[in-house]
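Numbering follows the numbering used here, with no gaps: position 19 of the sequence shown is 30.
From the three backbone atoms N, C-alpha and C, an ideal C-beta is built for every residue, glycine too.
Quick caveat, the model's predicted, so the values are computed rather than measured.
Accompanying notes for the structure given below.
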Amino acid sequence: AKVAIADIDETRLQQTLGELGELGAEAMAVPTDVTNEETVASLMAQVNERFGGIDVLINDAAIVPHFNWNDKPRWPKIQDMEKSWFWDTVMGVALLGSFLASKHAVPYMEAGGGGNIVNLHGGGGLTPPGALAYATAKDSLITFTKFHAEEVRDSNISVVIISPGAAIATEDAPEEARNRMPGPDYAGPRFLLAAEASMELSGHLLDYKDGELVVLQ
């Protein structure tokens, strides 16, 4: 497989690059701030130059500092939130990041005759206080996926949104998070199927059950 990965955290990026190499993948790593359009455009151009096109885009960037494990929320209620965290950071990374990546990947997909875009949902099991910003950002991606899918349908580009079906690691509790995360055998199949989702599934929120994708919405 030919894989490009992007992250604002260069240490984590290089660690993941090494893991991909051990699996035999031809991989490249590009430090990227997904809220910066110039760096996102550069990312897509570099991937296209290295691999000769872009077939699949997975939008999974998100910031989730507002909840912790064991039902102990870390973020305040909405009346105590700062705009910079609610909108500029959480919304910016999850929603704006997906918009910018999709915007700059689509032309390369069109040039190659089509492609697949996979957006990530999640957080449905979280409860307030503390989960409001993250859940709002992720639910907004459902609508984003629906309308983007129609825009690119004639270009043979499938756009779906799927839950990763796994726990999310936060920077504040990485070890505990990793201990609770399922391995690749659990999450891997859903991503592989989503990356090959047919045009019939395009625009939908999907889940993975009994070895196949099912439409939730």
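Fill in: Beta-carbon spacing of Leu-107, Asn-130 below 7 Å
Residue mapping note: residue 107 aligns to position 96 of the sequence shown, counting from 1. Residue mapping note: residue 130 aligns to position 119 of the sequence shown, counting from 1. Leu-107 places its beta carbon 7 Å or farther from that of Asn-130.
Worksheet entry | Continuous beta strand (DSSP E) stretch holding Val-14: start and end | Position 3 of the sequence shown, counted from the start, is the residue given in the question as residue 14. Run containing Val-14: 13–18, per the beta strand (DSSP E) assignment.
Worksheet item: Any idea if Ser-5 is buried or exposed, counting beta-carbon neighbours within 10 angstroms, 16 or more meaning buried?
Response: Nothing can be reported for residue 5, as the shown portion of the chain is limited to 12 through 228.
Fill in: Closest Cα partner of Asn-51 within the set Pro-175, Leu-217, Ala-15, Ser-166
Locating residue 51 in the sequence shown gives position 40, where the first residue counts as 1. The question names Asn, yet the displayed sequence has Val at residue 51. With distances taken between Cα atoms, Val-51 lies closest to Ala-15.
Practice prompt. Express the C-alpha separation of Leu-34 and Phe-110 in angstroms, rounding to a whole number.
Written response: Start at 1 with the first residue of the sequence shown, and residue 110 comes out as number 99. Start at 1 with the first residue of the sequence shown, and residue 34 comes out as number 23. As the crow flies, the alpha-carbon of Phe-110 is around 30 Å from that of Leu-34.
Worksheet item: Exposed or buried, Lys-220, counting other C-beta atoms within 10 Å across all chains shown (16 or more means buried)?
Response: Within the sequence shown, the letter at position 209 stands for residue 220. Around the beta carbon of Lys-220, fewer than 16 other beta carbons lie within 10 angstroms, which makes this residue exposed.
Worksheet item: Do Phe-97 and Ala-148 have their C-beta atoms within less than 7 Å of each other?
Response: Counting from one through the sequence shown, the residue named residue 97 turns up at place 86. Counting from one through the sequence shown, the residue named residue 148 turns up at place 137. Contact annotation: Phe-97 and Ala-148 have beta-carbon atoms that are not nearer than 7 Å.
Worksheet item: If you count every other CB in all the chains shown that lies within 10 Å of the CB of Gly-214, and 16 or more means buried, which is it?
Response: In the sequence shown, residue 214 corresponds to position 203, counting from 1. Gly-214 should be labelled buried.
Item to complete: Identify every residue that forms a DSSP beta bridge with Met-39.
Response: Counted from its first residue, the sequence shown places residue 39 at position 28. Answer is Ala-15.
Item to complete: Would you give the residue range spanned by the alpha helix (DSSP H) that Lys-157 belongs to?
Response: As a position in the sequence shown, residue 157 is number 146, starting the count at 1. Where Lys-157 is concerned, the enclosing alpha helix (DSSP H) stretches over 143–163.
Discussion item. Beta-carbon within less than 8 Å of Gly-222's beta-carbon, same chain only, minus the 5 sequence neighbours each way: which residues are those?
Written reply: Position 211 of the sequence shown, counting from 1, holds the residue named residue 222. The residues Pro-200, in chain order, have a CB closer than 8 Å to that of Gly-222 in the same chain once the five nearest residues on each side in sequence are set aside.
Discussion item. Do Ile-168 and Ala-205 count as a contact pair if the criterion is CB distance below 7 Å?
Written reply: Your numbering for residue 205 matches position 194 in the sequence shown. Your numbering for residue 168 matches position 157 in the sequence shown. 7 Å or more divides the Cβ of Ala-205 from the Cβ of Ile-168.
Fill in: Own chain, CB closer than 6 Å to Ile-69, minus 5 neighbours either side, in chain order
On the sequence shown, position 58 is the one that residue 69 refers to. Excluding sequence neighbours, Ile-69 sits near Val-129.
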